[in-house]
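Here the sequence shown stands for residues 254 to 490, where the numbers follow the working numbering. Structure first, then comments.
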Amino acid sequence: MNVVLRSTLASNTASLACVLLSLIILITIKVAPILTAPELLLASILLIAPLIALISDSPRDKYMTAKPKDPEVQIFNPSSFIGLLGFGLIAAALSYSSFIIFFNRAGISPVNLTDLTLPLYHHATTQAFLTLSICTMLFLFFERADNHAKVYSEYLWENKKLLLAIAGSIGLIILAIYTPAGQFIFGTQSLSPIDWLIAIAAGGIYIVLRQLQRYTRKHTRKAVLQLQKELTKPIKF
């Protein structure tokens with residue numbers, strides 16, 4: 254349940270960060286918003302099925318033999334708050350980068366773009382939407398993994414409902430991007446294979462950053478435990 258709550262907040266934080274970043278840049282250098290309201294709504298809808306599937310997740314620990322959890326450790330503590338804020342900023346930065354990269358590839362500047370009905374603009378927002386969706390799904394998998402366990406293990410494939418839900422969300426993304434009805438409702442445009450590769454590459458950057466965070470946290474924890482062990486050793490005279 255903790256993972257469900259954190260993932261829900263992470264999705265909302267990322268969407269809010271995208272909106273705030275867009276507003277700041279719109280005010281300062283007159284670049285149009287990177288996401289439309291229907292795309293923000295769709296980004297939230299995509300997580301509903303995976304979050305429901307997480308409720309049926311099997312526990313990592315055997316509760317009868319596991320050590321009791323520290324009552325002082327809350328679901329939302331300074332560490333988790335920083336993690337949610339960090340994800341929101343990273344997802345917003347990667348989504349905005351995808352948006353700008355699309356305009357650069359097209360040889361057009363997004364500055365002072367006033368006609369937001371242009372297919373080119375909606376193509377760029379679709380690129381940003383896809384990047385945001387990929388990063389959010391990756392966040393869910395990282396949060397699901399235990400803090401000190403390998404992300405890429407058999408546990409990744411244990412919850413079949415979650416995998417089916419993720420596949421369904423990807424299918425919904427494809428329908429929203431490539432069908433006339435989806436394009437009409439959500440204001441999307443068809444993406445090329447290169448567009449997908451750019452979004453996937455942005456997801457790869459997030460994976461690298463998250464793995465570095467896990468590595469740093471793991472070794473910092475080991476150092477703290479070792480220091481505590483040294484400090485509690487009896488002094489020999």
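A virtual CB, placed ideally from N, CA and C, is assigned to each residue, including glycine.
Inset, instruction - May I have the straight-line CA-CA distance separating Gly-236 from Leu-373, to the nearest angstrom? - result: Residue 236 is absent from the model: the chain starts at 254 and stops at 490.
Inset, instruction - Taking the CB atoms as reference points, tell me whether Ser-309 and Asn-412 lie closer together than 8 Å. - result: Taking 8 Å as the Cβ cut-off, Ser-309 and Asn-412 qualify as a contacting pair.
Legend entry - Residues bridged to Val-284 [DSSP beta-bridge criterion]: Bridge partners of Val-284: Val-364.
Legend entry - Arg-397 vs Leu-307 beta-carbon contact at 8 Å: Leu-307 sits close to Arg-397, with the two beta carbons spaced by under 8 Å.
Legend entry - Leu-300 beta carbon less than 8 Å from that of Ser-264: yes
Legend entry - Proximity of Ala-344 and Cys-388 at Cβ, strictly below 8 Å: yes
Inset, instruction - Indicate the three-state DSSP secondary structure (helix, strand or coil) for Gln-442 in the structure shown. - result: When DSSP states are grouped into helix, strand and coil, Gln-442 belongs to the coil group.
Legend entry - Backbone secondary structure at Glu-411 - three-state DSSP: Secondary structure at Glu-411: coil, using DSSP grouped into helix, strand and coil.
Legend entry - Endpoints, alpha helix (DSSP H) assigned at Thr-378: 372-397
Inset, instruction - For Leu-342, collect the residues of the same chain with a Cβ closer than 8 Å to its Cβ; drop the 5 residues on either side in sequence, then sort them by chain order. - result: Ala-270
Legend entry - Cut-off 8 Å between Cβ atoms - residues of its own chain near Leu-337, not counting five sequence neighbours on either side: Arg-259, Leu-262, Ala-263 and Thr-266
Inset, instruction - Verify whether the separation of the beta carbon atoms of Phe-439 and Glu-292 is less than 8 Å. - result: Taking 8 Å as the Cβ cut-off, Phe-439 and Glu-292 qualify as a contacting pair.
Legend entry - Beta-carbon gap between Gln-442 and Thr-384 smaller than 8 Å: no
Legend entry - Boundaries (first-last residue) of the alpha helix (DSSP H) holding Ser-297: 290-298
Legend entry - Extent of the continuous alpha helix (DSSP H) to which Leu-304 belongs: 301-308
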